[in-house]
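Residue numbers (this note's numbering): 71 to 590.
Read the structure below first, then the notes.
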């Protein structure tokens, strides 16, 4: 908030103290970072310095509670200069500064307080952010994390309100597929409270193989009418080779139904397989439809306790098709419709049956809660999270040919469209996968001792999480699998300042502190 008041006359000293305390109280009331501090009468709010006859009162709303200098600070103008339309885009723009040398992802704070999940920050528009601080790894100890990750603190504006309606449509450069998206959002920051609501609808068209320059594979023997091959993929029939004057290993079924019982009709096109373009029936990318809703609410619960609640739900569905089913029918030499002297294989696409399809539905649910306050000089905060993801899919692998082969062996015509009853049994895989994660973490900290170089900070953490995963499939090879894992961990960290420029303790050395942590 950055309140700054200066009174140059000693006769106004008492009035200045009253006004300074009022300004400090207002700064604390408007900042979630100070909710927990209100219970501590001994904890000073803004920093007061007496310089000669002047009193300077400085209040910084939402700044991280640490004396460690940030490696990067961005004000509202610098944030706007990045051109980021969302917080994820902003994070991408400053990614180099937020990652630790080890490559670890940063810890996120909102107004110097831990959040239950990134959603609390990611749902905010960049225009609502007043400042971004990136703190070095050693600052992570203050918030219950090991000193191996950097800390990114987002400081919001005291008052902000925005209603956002967005729509977009994109297409591939060669056409064929398009994506449409619509967003509706509400953000309100006021009196220490925060509310964000969001709704997103999206849709992507499928891309068919025919919309790209892809030619049929000449090594695939299937056709909508059919190609004949030998049982062992060698010579089909010596009689056919004799009629064709060459060894025939593949021969297309004659187009005219009356010629299909005539060996000479097969000989005229021997070794010239007829190809079929499945591009109109085969998708390269699926059709996708999705909806996502999210809400984040934060406010004071009592005089000494504040909290936030974040909820989100997302559902998406993919639908694709992989063309007509293929069949390799065994046509015995005894079949009355066969002109061959030995058994042969009929390779054909079953265009008279429904196309093979794939579908997948994914549902994702998230809930997060934070609570923070103070007890007997110890500041505490609690975060809890529940994530649930479920995916269900169906995949048509083909059509069972048991009935068709039996009918042909009994004398049915293999060279014409097959009866629908013979193709009713589909080979389908149904799969289901679910994961569920629950976690909770409590952090307490205090500055019980003051040394010449500054306050000694003690931080304690207790965290627990549980994860479970269940998967199963139904089909020709059914399977079921269940996994689970649970963890509980506690730790304590201490940060002891040794030298300080600010406190004039060995200032030539600079700011030097000793920190240590133990986890169990």
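Idealized CB from N, CA, C, for every residue including glycine.
None of these values were measured; they are calculated from a predicted model.
- Message: Here's a check: name, in chain order, each residue in its chain whose Cβ is nearer than 6 Å to the Cβ of residue 122, leaving out the five neighbours to either side.
- Response: Residue placement at residue 122 is flagged as unreliable, the pLDDT there being 41, under the threshold of 50; the coordinate-derived value follows with that caveat. There are no such residues.
- Simplified DSSP assignment, three categories, for residue 499: strand
- Task: Starting from residue 187, trace the beta strand (DSSP E) both ways and give me its first and last residue.
- Result: No beta strand (DSSP E) holds residue 187; DSSP gives it neither H nor E.
- Exposed or buried, residue 111, counting other C-beta atoms within 10 Å across all chains shown (16 or more means buried)? Low local confidence applies: a pLDDT of 33 at residue 111 is under 50, so the model's placement there is unreliable, with the coordinate-based value given in what follows. Exposed: under 16 other Cβ atoms inside 10 Å.
- Query: For residue 66, which of 484, 165 and 434 has the nearest alpha-carbon?
  - Reply: Outside the displayed range of the chain (71 to 590) lies residue 66, so it cannot be described from this structure.
- Item | Member of 551, 429, 399 and 198 whose CA lies at the smallest distance from the CA of residue 157 | 198
- Task: Quick one: residues in its chain with C-beta nearer than 6 Å to the C-beta of residue 572, no 5 flanking neighbours on either side, listed in chain order?
- Result: none
- Query: Would you call the region 193-209 and the region 141-149 in contact, with 3 or more CB pairs under 8 Å?
  - Reply: yes
- Item | For residue 419: DSSP bridge partner residues | 396
- Query: In whole angstroms, what separates the C-alpha of residue 337 from that of residue 322?
  - Reply: 9 Å
- Query: In terms of DSSP beta bridges, what is residue 450 paired with?
  - Reply: 443 and 514
- Message: Using C-beta distances below 8 Å, list every residue in its chain close to residue 497, excluding the 5 sequence neighbours before and after it, in chain order.
- Response: 466, 467, 468, 469, 470, 545 and 546
- Query: From which residue to which residue does the alpha helix (DSSP H) around residue 575 run?
  - Reply: Residue 575 -> no alpha helix (DSSP H), and no H or E assigned at all.
- Query: Which partner residues does residue 540 have in the DSSP bridge list?
  - Reply: 504 and 552
- Three-state secondary structure (DSSP) at residue 111? Low confidence applies to residue 111: its pLDDT is 33, below 50, so where it sits in the model is not reliable, and the reading given next is rough at best. Correct three-state label for residue 111: coil.
- Task: Tell me whether residue 299 sits in a helix, a strand or coil according to DSSP, three-state version.
- Result: strand
- Mind checking which residues open and close the beta strand (DSSP E) that includes residue 234? 230-241
- Would you mind sorting residue 444 into buried or exposed? The rule is 16 or more other CB atoms within 10 Å of its CB. buried
- Query: Can you tell which of 361, 311, 378 and 429 has its C-alpha closest to the C-alpha of residue 355?
  - Reply: 429
- Message: Within 10 Å of its beta-carbon, does residue 282 have 16 or more other beta-carbons around it, so buried, or fewer, so exposed?
- Response: exposed
- How would you label residue 582, buried or exposed, when you count the other beta carbons within 10 angstroms and need 16 or more for buried? exposed
- Is the beta carbon of residue 317 less than 8 Å from the beta carbon of residue 311? yes
- Rounded to whole angstroms, what's the CA-CA distance from residue 488 to residue 474? Just pull it up for me. 8 Å
- Message: Looking only at its chain, what residues have a beta carbon closer than 8 Å to the beta carbon of residue 490, apart from the 5 residues adjacent to it on each side?
- Response: 422 and 423
- Message: Once DSSP output is grouped into helix, strand and coil, what is the label at residue 341?
- Response: coil
- Query: Exposed or buried, what is residue 164 when buried is set at 16 or more other beta-carbons lying within 10 Å of its beta-carbon?
  - Reply: buried
- Taking just the CA atoms, how far does residue 262 sit from residue 373? 12 Å
- Task: Return yes when the Cβ of residue 410 is within less than 8 Å of the Cβ of residue 306, no when it is not.
- Result: yes
- What are the boundary residues of the beta strand (DSSP E) that includes residue 223? 221-226
- Message: Using CA atoms only, rank isn't needed, just tell me which of 180, 210 and 403 is closest to residue 528.
- Response: 210
- Query: Taking contact to mean at least 3 C-beta pairs separated by less than 8 Å, is the region 183-194 in contact with the region 425-440?
  - Reply: yes
- Message: Taking the straight line between their C-alpha atoms, what separation do you get for residue 590 and residue 559?
- Response: 6 Å
- Query: With 16 other CB atoms within 10 Å as the buried threshold, where does residue 516 fall?
  - Reply: buried
- Message: Taking its Cβ as the centre, do 16 or more other Cβ atoms sit within 10 Å of residue 511, making it buried, or is it exposed?
- Response: buried
- With 16 other Cβ atoms within 10 Å as the buried cut-off, status of residue 350: exposed
- Where residue 322 falls: helix, strand or coil (DSSP): strand
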